[in-house]
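Visitor: Numbering (the working numbering), first residue to last: 4 to 387.
#1: Sorted by chain position, which residues of the same chain lie with C-beta nearer than 6 Å to residue 150's C-beta, five sequence neighbours on each side aside?
#2: For residue 105, report the span of its beta strand (DSSP E) as first-last.
#3: Which residue's Cα is closest to the Cα of residue 217: 249, 376, 97 and 340?
#4: Going by CA-CA distance only, name the one from 49, 18 and 17 that's closest to residue 30.
#5: Nearer than 8 Å: is that true of the beta carbon of residue 39 relative to any heavy atom of the ligand HEM?
#6: If I measure Cβ to Cβ from residue 22 and keep anything under 8 Å in the same chain, skipping five residues before and after, which residues do I get?
#7: Output the distance between the C-alpha atoms of residue 3 and residue 174, rounded to the nearest integer angstrom.
#8: Kindly indicate which three-state DSSP category residue 50 falls into: helix, strand or coil?
#9: Distance check for residue 300 and residue 319, CA to CA, integer angstroms please.
#10: Whole angstroms is fine: what's the gap from residue 273's alpha carbon to residue 228's?
#11: Please report the residue range of the alpha helix (DSSP H) in which residue 367 lies.
#12: So, residue 259 versus residue 303, is the Cβ gap smaller than 9 Å?
#13: Would you decide whether residue 116 is buried or exposed? Buried here means 16 or more other CB atoms lie within 10 Å of its CB.
#14: Do residue 139 and residue 391 have their beta-carbon atoms positioned less than 9 Å apart in this structure?
#15: For residue 317 and residue 287, which I take to be in contact (beta-carbon distance under 8 Å), what is that distance rounded to the nearest angstrom?
#16: Which residues in the same chain have their Cβ closer than 7 Å to the Cβ of residue 143, if we skip the five residues on either side of it in sequence?
#17: Short check: CB of residue 106 to CB of residue 165, under 9 Å?
#18: Could you pull out every residue in the same chain whose Cβ sits closer than 7 Å to the Cβ of residue 380, ignoring the five residues on either side in sequence?
#19: Could you spell out where the beta strand (DSSP E) holding residue 270 opens and where it closes?
#20: Tell me whether the beta-carbon of residue 53 lies closer than 9 Å to the beta-carbon of residue 167.
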């Protein structure tokens, strides 16, 4: 008998003839998550197994696996050779008292001689006979004892399912470029889009000296915090100072945010084309601020020629975003009081329903192509 970690996948079972691709990718991602742990990782018949690890590493392994999208649940299990006698003998020494319980048998190995229902009753009787003050309750139980009889000749016995992140294996949906600010929303947006299988890298706009190095370092820290989930490797940092100064000097100040967002999107699209990202990802939420009305979102979309925008949080309530930020440990960093570029030259009354003809008129006062080229030429790439 040995201790193992049993891993079950999420939506992959729906993938039909393409299932093998997703299974192999998830195996790769599990191995990457556990690359610094001495252990063996294998896959057979819809189950992944982590074996041959030091027991004191168990909690660390579980924590790492809980950053991997595509996993439905985990169980720490005892592995034994499959036979009726072996399983019965295991439960003759099984301790449980003063509780309600049920036994669940999954007979994936159809050559096993007793069907699941009958074997559940048989094992339940053994547990009942060898322990005190037990009650069998198939519906309102406090303890479920699971017996997973696999096609490999192994049986796995466990008492707990640990819920994992679900979703699809990261890498199955291509690569996207996340507009990563220092706020709450964009790290969560990166997390959510990675849950659907997309690898994410980051793009940050900063306005030194109007914003500090602390603001930039804050974003680098956020990038590192979401890296285990998103596989983020690069953070592109663009100086936006000159662009903001030119807008402030030449344009109607009430259009500052609208013009900024449109130029940001143009820069993001150029980087997507150069570095082969399939989409731009933002943390925008409909109606949350002036730049996120449907009119403002439409205005920013109109500058894009080839690359789509994905907005995973578009219908989120702020509390939903905060809940996930706590879960992925970005909340405390996001609320640090270091301002980002969107707070520089902020108008008192920003336009919330920009009309495109007026936006184009304001943009005509700028040499946008020169500003974009200068910004990209001075691009900084931070390896995360």
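Note that beta-carbon positions come from the ideal geometry of N, C-alpha and C, so glycine has one too. From a predicted model like this one, the values you see are computed outputs, not experimental measurements.
Guide: By the coordinates alone:
#1: Looking up residue 150 in the chain shown gives position 147. So the list reads 108 and 160, once near-sequence residues are dropped.
#2: Residue numbering aside, residue 105 sits at position 102 when the chain shown is read from its first letter. Start and end: 102-110.
#3: Taking the first residue of the chain shown as 1, we reach residue 217 at position 214. Selected option, being the one with the closest Cα: 340.
#4: Here residue 30 refers to the residue found at position 27 of the chain shown. Here the closest residue by C-alpha is 49.
#5: For the structure depicted, the ligand HEM is absent and the ligand set is empty, with no information on it obtainable.
#6: Position 19 of the chain shown, counted from the start, is the residue given in the question as residue 22. Here the set comprises 15 and 16.
#7: Because the chain in this structure spans residues 4 to 387, residue 3 falls outside the shown range and cannot be described.
#8: Here residue 50 is taken as the residue at index 47 of the chain shown, counted from 1. In this structure, residue 50 counts as strand in the three-state DSSP scheme.
#9: Within the chain shown, numbered from 1, the residue matching residue 319 stands at position 316. Within the chain shown, numbered from 1, the residue matching residue 300 stands at position 297. Roughly 16 Å between the two C-alpha positions.
#10: Taking the chain shown and counting its residues from 1, one reaches residue 273 at position 270. Taking the chain shown and counting its residues from 1, one reaches residue 228 at position 225. Roughly 26 Å separates the two Cα atoms.
#11: Translated into the one-based positions of the chain shown, residue 367 becomes position 364. Run containing residue 367: none; DSSP gives neither H nor E here.
#12: Sequence index remark: in the chain shown, residue 259 carries index 256 (1-based). Sequence index remark: in the chain shown, residue 303 carries index 300 (1-based). Taking 9 Å as the Cβ cut-off, residue 259 and residue 303 do not qualify as a contacting pair.
#13: As a position in the chain shown, residue 116 is number 113, starting the count at 1. With fewer than 16 Cβ atoms within 10 Å of its Cβ, residue 116 is classed as exposed.
#14: Given a span of 4 to 387 for the chain in the structure shown, any question on residue 391 remains unanswerable.
#15: Taking the chain shown and counting its residues from 1, the one referred to as residue 317 is at position 314. Taking the chain shown and counting its residues from 1, the one referred to as residue 287 is at position 284. 7 Å between Cβ atoms; contact.
#16: To locate residue 143, count along the chain shown from 1; it is residue 140. If we look at residue 143 and ignore the five residues flanking it on each side, its Cβ neighbours are 103.
#17: Sequence index remark: in the chain shown, residue 106 carries index 103 (1-based). Sequence index remark: in the chain shown, residue 165 carries index 162 (1-based). No, Cβ-Cβ distance for residue 106 and residue 165 is not below 9 Å.
#18: One-based indexing of the chain shown puts residue 380 at position 377. Once the five neighbours on either side are set aside, residue 380 has no close Cβ partner at all.
#19: Position 267 of the chain shown holds residue 270. No beta strand (DSSP E) holds residue 270; the alpha helix (DSSP H) holding it covers 259-278.
#20: What you label residue 53 is simply residue 50 of the chain shown in a count that begins at 1. What you label residue 167 is simply residue 164 of the chain shown in a count that begins at 1. Against a cut-off of 9 Å, the Cβ pair of residue 167 and residue 53 comes out as no contact.
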